[in-house]
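Numbering (this note's numbering), first residue to last: 1428 to 1665.
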């Protein structure tokens, strides 16, 4: 049986830009991929941050302090979050940002932090694949023709859903294993020459090869002569 690959596409929203300044996570959106395909299993949590949200941050995600007033604090959802991600790789856009906040929350509770090796950063993937091009989530959605018109504001689950589509495109599309087949097909096409027939159809001809030698050997000629001796008036002697 082939190995099952489980990945978690994840995004967070926060009260501000830096956990070192005491900013906190206010929303987590995560969804499960099995062998790079969404399963429909997801986790979406709003979290009371126990501090005020910066005005600039609220303009980005639209989440207010009053909306979060009755939501659980991180300590109440930490185990649910850890149970969902398990030990699998987390696919994150600008992973250092989200991992910094997640580990700050875990450290605050006395939990072990998550190593950077647990995160696969799609921002770095995009920059390597398209050097010099814009690599924001919106820019990648435009590049891959992914509909993000419903993304008026940032939202953890919306962004995780879009990121899952972007990630699948970054690794080669819905069927990444066909990359080799496509390359082989292209190589085969280049090795052939095309000619147009009189009726207008395109004919793909095989590659031109040198003529093969067909001259009979002395042994073959002797065998053929012996065979002729057994025939009455063979055509080959007329």
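All C-beta atoms in this analysis are idealised placements derived from N, C-alpha and C, irrespective of residue type, glycine included. Please read all numbers here as calculations on a predicted model, not as lab measurements.
Relative to the C-alpha of residue i, which candidate in the options has its C-alpha closest?
i            : options                   : result
residue 1592 : 1518, 1650 and 1646       : 1518
residue 1442 : 1597, 1463, 1589 and 1492 : 1492
residue 1469 : 1526, 1483, 1510 and 1648 : 1510
residue 1502 : 1452, 1494, 1536 and 1489 : 1536
residue 1520 : 1573, 1506, 1551 and 1584 : 1551
residue 1446 : 1504, 1560 and 1480       : 1480
residue 1448 : 1505, 1487, 1436 and 1528 : 1528
residue 1504 : 1463, 1540, 1454 and 1437 : 1454
residue 1534 : 1451, 1472, 1463 and 1646 : 1451
residue 1597 : 1555, 1542 and 1585       : 1555
residue 1436 : 1489, 1513, 1487 and 1488 : 1513
In angstroms, rounded to a whole number, what distance separates the CA positions of residue i and residue j?
i            : j            : result
residue 1381 : residue 1477 : Look at the range of the chain in this structure, 1428 to 1665, and you will see that residue 1381 is not part of it.
residue 1434 : residue 1460 : 5 Å
residue 1564 : residue 1590 : 7 Å
residue 1430 : residue 1545 : 18 Å
residue 1561 : residue 1522 : 17 Å
residue 1574 : residue 1587 : 14 Å
residue 1581 : residue 1495 : 16 Å
residue 1457 : residue 1516 : 12 Å
residue 1483 : residue 1467 : 32 Å
residue 1498 : residue 1532 : 16 Å
residue 1407 : residue 1475 : The chain is shown from 1428 up to 1665; residue 1407 falls before or after that span and cannot be answered.
residue 1559 : residue 1507 : 39 Å
residue 1525 : residue 1500 : 17 Å
residue 1439 : residue 1473 : 10 Å
residue 1541 : residue 1572 : 33 Å
Run through the DSSP bridge pairs and tell me what residue i is partnered with.
i            : result
residue 1545 : Beta-bridge pairing links residue 1545 to no other residue.
residue 1439 : 1455
residue 1434 : 1460 and 1516
Please check if any C-beta of chain C sits within less than 8 Å of the C-beta of residue i.
i            : result
residue 1564 : Among the protein chains of the structure shown there is no chain C, as only one such chain exists.
At 3 residues or longer, and completely inside the stretch 1456 to 1542: list those beta strand (DSSP E) runs for me, N to C. 1464 to 1473 and 1516 to 1519
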